[in-house]
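Each number in this note's numbering comes from the position in the sequence shown (counting from 1) with 24 added on.
By construction, the Cβ of each residue, glycine as well, lies at the ideal position given by its N, Cα and C atoms.
For reference, the structure discussed in these notes is given below.
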Amino acid sequence: MPWIDISVSALLLAALVVGVATRRRRAVAVIVVGSATVLLLMIAVVLEGARPQLIAEAVAAVVVAVVVLWARSGRAPRLAVAGATLGALGVVGIAGAAWALPPMSVPTPSGPHAVGVATHVWTDPTRDAHGGSTPGQVRSLPVTVWYPAARPGPGSAYLPNAASAAALTGSLAQQYGMPPLLFDSLTRARSAATEEASPAGGSFPVVIASPGLNSTRWFFTSWAEELASNGIVVIALDHPYDAAATELADGSIAHDDLRTTGDDAADQALADQWAGIRAADIRAVIDTLEGPASDAPELAAADRTRIIAAGHSAGGAAAIEAARLDRRITGVVDIDGMPRSPADTRLAQPLLAVVAGDMPANPDYDQALSSLLADRNGARVTLDGVAHLGMIDAGRLIGPVPGLTGANGPQGARLAAEATLLLVRAVDTGTPIDTRALGELGAVGE
Numbered sequence: 025m026p027w028i029d030i031s032v033s034a035l036l037l038a039a040l041v042v043g044v045a046t047r048r049r050r051a052v053a054v055i056v057v058g059s060a061t062v063l064l065l066m067i068a069v070v071l072e073g074a075r076p077q078l079i080a081e082a083v084a085a086v087v088v089a090v091v092v093l094w095a096r097s098g099r100a101p102r103l104a105v106a107g108a109t110l111g112a113l114g115v116v117g118i119a120g121a122a123w124a125l126p127p128m129s130v131p132t133p134s135g136p137h138a139v140g141v142a143t144h145v146w147t148d149p150t151r152d153a154h155g156g157s158t159p160g161q162v163r164s165l166p167v168t169v170w171y172p173a174a175r176p177g178p179g180s181a182y183l184p185n186a187a188s189a190a191a192l193t194g195s196l197a198q199q200y201g202m203p204p205l206l207f208d209s210l211t212r213a214r215s216a217a218t219e220e221a222s223p224a225g226g227s228f229p230v231v232i233a234s235p236g237l238n239s240t241r242w243f244f245t246s247w248a249e250e251l252a253s254n255g256i257v258v259i260a261l262d263h264p265y266d267a268a269a270t271e272l273a274d275g276s277i278a279h280d281d282l283r284t285t286g287d288d289a290a291d292q293a294l295a296d297q298w299a300g301i302r303a304a305d306i307r308a309v310i311d312t313l314e315g316p317a318s319d320a321p322e323l324a325a326a327d328r329t330r331i332i333a334a335g336h337s338a339g340g341a342a343a344i345e346a347a348r349l350d351r352r353i354t355g356v357v358d359i360d361g362m363p364r365s366p367a368d369t370r371l372a373q374p375l376l377a378v379v380a381g382d383m384p385a386n387p388d389y390d391q392a393l394s395s396l397l398a399d400r401n402g403a404r405v406t407l408d409g410v411a412h413l414g415m416i417d418a419g420r421l422i423g424p425v426p427g428l429t430g431a432n433g434p435q436g437a438r439l440a441a442e443a444t445l446l447l448v449r450a451v452d453t454g455t456p457i458d459t460r461a462l463g464e465l466g467a468v469g470e
């Protein structure tokens, strides 16, 4: 939560009230409050950078100072009070904006390992750029790998590539219908992982993660760092022309070009098709792990016999479909994603469904999960107070809005990571998912 930003707004409001209320007395009180406001604002800028909300608070501080000086001058007192009222409303609005769009932050991972991060663009020569079969093209597979590192190091930028970061924030802003400036905290944020850190020795399971439709793999950062700190190699991939914006093998940027029709039946068919392309991407990543590209140092300790497919939203559907088609996958984590596989699908691998609790009832979704879990080869857990976007780092970028990220949205990625760890441990040990531990995260069902 952006408590420091809200505290600045509270002090601005206090300075305004004190300045006007004591306008016929000495200015000691307003000087004290005003000085505290300026000091806290300076601290906020040092900690967060000159993000739009703080710039607005700095402008508001100047306005408050002008209004207070005007009120204390004794000229046009009624007009001064009216100005103070408008100023107070403006400060409250700024506080609301600070709450709704907090500074992006990544929590410190809780596991015993330091975390490293590396980015690659692999290719699948068997498919075309859009995942089809047009000859003479290749499919790009942009991936970021979070992995257990040998030793701690400095954190890295949340979005390490400045050029692709600008394209991504612009695309996300367009998708959410907001000015790009409001997403600049993504470009200022730091993560806990060290770029290209020396990998830890050992043998670690692999989790391949697919993001939601028109989203980005970078929104897995908090979740992935938590897993990596607990001894898991996480490979998150973007799906070109589906992701909001992502880099291609030739260095260019691909923007999403998926469009719905408005006809429900047609759109459901499109969603099934897109899930199939995504599933093929996941399987292509596994192929890559078995080929020369897997010589990357951070993959030296990746155990190719322990591969979990995971995904958020449409990515969860892709993970299920990939597991249906590929027995190299040993477990599945569906993070609030509507399954898109055939209705009679029964997975050979254990499935964990992580469901957002702060969302309207969806009988079709519930029925699809119940069907997949009918043979009791897995479990579902519903996270109370977490909405769909709260499962990923959007829950840390946007305030805890019910139905959007959820009242517990800032903790959603951590809870999803803890649930994922339970599935990985179950696969490793060949035992059922620990439903007692799962129950500490949310309501458990089958």
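- Nearest to I55 by alpha-carbon distance, out of L35, L71, A68 and I67, is L35.
- Rounded to whole angstroms, A80 and F244 show a C-alpha spacing of 30 Å.
- In this structure, the CA atom of I416 is about 39 Å from the CA atom of L40.
- Only residues of its own chain outside the window of five on either side were considered, and among them G423 have a CB closer than 6 Å to the CB of A124, listed in chain order.
- T312 sits in a helix when the DSSP states are folded into three classes.
- A252 is classed as buried because its beta carbon has at least 16 other beta carbons within 10 Å across all chains shown.
- Pairwise C-beta distances place the segment 110 to 121 in contact with the segment 66 to 86, as three or more of them are shorter than 8 Å.
- As computed with DSSP, Y171 is found in a beta bridge with G140.
- Ranking A273, R370 and T406 by CA distance to the CA of M383 puts T406 first.
- Counting C-beta atoms within 10 angstroms of its own C-beta, I331 has 16 or more neighbours from the protein chains shown and is therefore classed as buried.
- Ranked by Cα distance from I256, the options G135, A191 and T459 are led by G135.
- When only Cα atoms are considered, A333 and S365 end up about 15 Å apart.
- Here the alpha carbon of L323 sits roughly 26 Å from the alpha carbon of D152.
- Per the Cβ contact rule, the segment 67 to 81 is in contact with the segment 198 to 216 (3 or more Cβ pairs under 8 Å).
- CA-to-CA, the gap between V145 and V167 works out to about 6 Å.
- For the pair A217 and P387, the Cα-to-Cα distance works out to about 39 Å.
- Under the 10 Å beta carbon count, W27 is surrounded by fewer than 16 other beta carbons and is classified as exposed.
- Judged by DSSP in its simplified three-state form, T459 adopts helix.
- Fully contained in the segment 373 to 454 are the following alpha helix (DSSP H) runs of length 4 or more, in chain order: 387 to 396, 418 to 421 and 436 to 453.
- If you draw a straight line from the Cα of T329 to the Cα of L313, it comes to about 11 Å.
- Between R420 and V378, the C-beta spacing is not below 9 Å.
- Under the 10 Å beta carbon count, L113 is surrounded by fewer than 16 other beta carbons and is classified as exposed.
- DSSP, read as helix, strand or coil, puts T329 in strand.
- If you draw a straight line from the Cα of A450 to the Cα of L205, it is about 43 Å long.
- The distance from the Cβ of L445 to that of L376 is about 10 Å, inconsistent with a contact at the 8 Å cut-off.
- Boundaries of the alpha helix (DSSP H) around G58: V52 to E72.
- Taking every protein chain shown into account, the CB of Q292 has fewer than 16 other CB atoms within 10 angstroms, so this residue is exposed.
- Closest in C-alpha terms to R307, from the list D266, T284, Q297 and L261, comes L261.
- According to DSSP, residue pairing for H336 in a beta bridge involves I359.
- Taking all protein chains in view, the Cβ of A398 is surrounded by fewer than 16 other Cβ atoms within 10 Å, so the residue is classified as exposed.
- Excluding residues up to 5 positions away in sequence, A377 and R404 lie with their Cβ nearer than 6 Å to the Cβ of L393 in the same chain.
- Non-local beta-carbon contacts of D408 in its own chain, meaning distances under 8 Å to residues more than five positions away in sequence, involve G381, D382, N432, G466 and A467 in chain order.
- Three or more Cβ pairs closer than 8 Å define a contact, and the segment 296 to 306 meets that threshold against the segment 258 to 274.
- Taking 9 Å as the cut-off, the Cβ atoms of G140 and E219 count as close.
- Rounded to whole angstroms, the Cβ separation of A189 and S129 is 17 Å, and the two are not in contact under 8 Å.
- Secondary structure in the segment 185 to 225: the alpha helix (DSSP H) runs of 4 residues or longer, each lying completely within the stretch, are 186 to 200 and 208 to 212 in chain order.
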